[in-house]
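See structure below.
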Amino acid sequence: MMAEILDFVKDFQTGIVGGIGFLGVIFTQRANAKSLQVQADQDFRRKQNSVRTAVLAELKMFRRSFETNSGGDMTENDEIAYVPRVRRILSEKLLPDLGVLPDDTLEVVLNGLVIIDEVDRTLMLFSNDITEQHFSFDSQQMILCENIFKGAIPSIDLAITALDKVPTS
Numbered sequence: 055m056m057a058e059i060l061d062f063v064k065d066f067q068t069g070i071v072g073g074i075g076f077l078g079v080i081f082t083q084r085a086n087a088k089s090l091q092v093q094a095d096q097d098f099r100r101k102q103n104s105v106r107t108a109v110l111a112e113l114k115m116f117r118r119s120f121e122t123n124s125g126g127d128m129t130e131n132d133e134i135a136y137v138p139r140v141r142r143i144l145s146e147k148l149l150p151d152l153g154v155l156p157d158d159t160l161e162v163v164l165n166g167l168v169i170i171d172e173v174d175r176t177l178m179l180f181s182n183d184i185t186e187q188h189f190s191f192d193s194q195q196m197i198l199c200e201n202i203f204k205g206a207i208p209s210i211d212l213a214i215t216a217l218d219k220v221p222t223s
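The working numbering puts the sequence shown at residues 55 to 223.
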């Protein structure tokens, strides 16, 4: 019986080794695919977290700025107030990457970012003077300016809240 097994192995050794080798290749391919999938998932979560953090920081900065500019600090004695231009930087550069955010979050965040852009365009309509760095307003226009900033804050707050709900890993 042992001689028959040895003869069989001897006669078909190439096929047996090939079969074992083929199973090894299949096993290796599956292990590599699993490893690549885990790596891709980690990369996606890392990118999502980076985009989320950057946009969240920018939104919070605009929130503070808009709150400051809507505070009514200008007195009747002031003739002209200077207000910095509203320009997004980080989120503008990250626009192609915003798609990594969940769909429901993305919609709210995009709305908040559009509102920020619209504040700048709206202030252009009412400003006495516009430079690359600032707008200037007289005391009457400043009241309108403050209301424009106040009106934008709720949309920014919604975007911040939506980003705060995105799980971080």
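Positions of the beta carbon are idealized from the N, C-alpha and C atoms, including for glycine.
As the structure is a computational prediction, the values presented were derived from the model and not from experiment.
Residues of its chain near residue i, where Cβ-Cβ distance is below 6 Å and the 5 sequence neighbours each way are ignored
i: A213; result: L113, V162, V163 and G166
i: T129; result: Summary for T129: the model assigns pLDDT 47, below 50, so the residue's position carries little reliability; its value from the coordinates is reported in the next sentence. Here the set comprises nothing.
i: R117; result: I210
i: F203; result: F120, N123 and S124
i: A85; result: none
i: T222; result: N103
i: A94; result: none
i: V220; result: R106 and T159
i: F4; result: Outside the modelled stretch of the chain, which goes from 55 to 223, sits residue 4, for which no answer is possible.
i: V71; result: none
Nearest candidate by alpha-carbon position, reference residue i, set the options
i: R139; options: N103, L149 and M178; result: M178
i: S209; options: I169, I197, S223 and L90; result: I169
i: G125; options: E200, L217 and T222; result: E200
i: L149; options: S104, I184 and E121; result: S104
i: Q195; options: A206, A111 and D183; result: D183
i: E186; options: G69, V137 and F76; result: V137
i: I207; options: G72, D171, F189 and L60; result: D171
i: E133; options: I70, S193, H188 and I80; result: S193
Nearest-angstrom beta carbon gap, residue j and residue i [assumed within contact, 8 Å]
i: A135; j: F98; result: Actually they are not in contact, since the Cβ atoms of A135 and F98 sit about 45 Å apart, beyond 8 Å.
i: Q102; j: V154; result: 4 Å
i: L77; j: L217; result: So it is not a contact: roughly 48 Å between Cβ atoms.
Strand pairing of residue i, partner residues [DSSP]
i: F191; result: A135
i: I17; result: Residue coverage of the chain in this structure runs from 55 to 223, which leaves residue 17 outside it and unanswerable.
Min CB distance residue i to chain D below 8 Å
i: R117; result: Within the model displayed, chain D is absent; a lone protein chain is all it includes.
Neighbourhood of residue i by C-beta distance below 8 Å, restricted to the same chain and skipping five residues each side
i: L160; result: L152 and G153
i: D26; result: As shown, the chain starts at 55 and ends at 223. That puts residue 26 outside it, with no answer to give.
i: T176; result: I202
Close Cβ partners of residue i (< 7 Å) along its chain, the five nearest in sequence each way excluded
i: A108; result: L144 and L148
i: G157; result: A quick correction: the sequence has Asp, not Gly, at residue 157. Contacts found: none.
Can you check the region 69 to 141 for any beta strand (DSSP E) of at least 3 residues that lies completely inside it and give the ranges in chain order?
134 to 138
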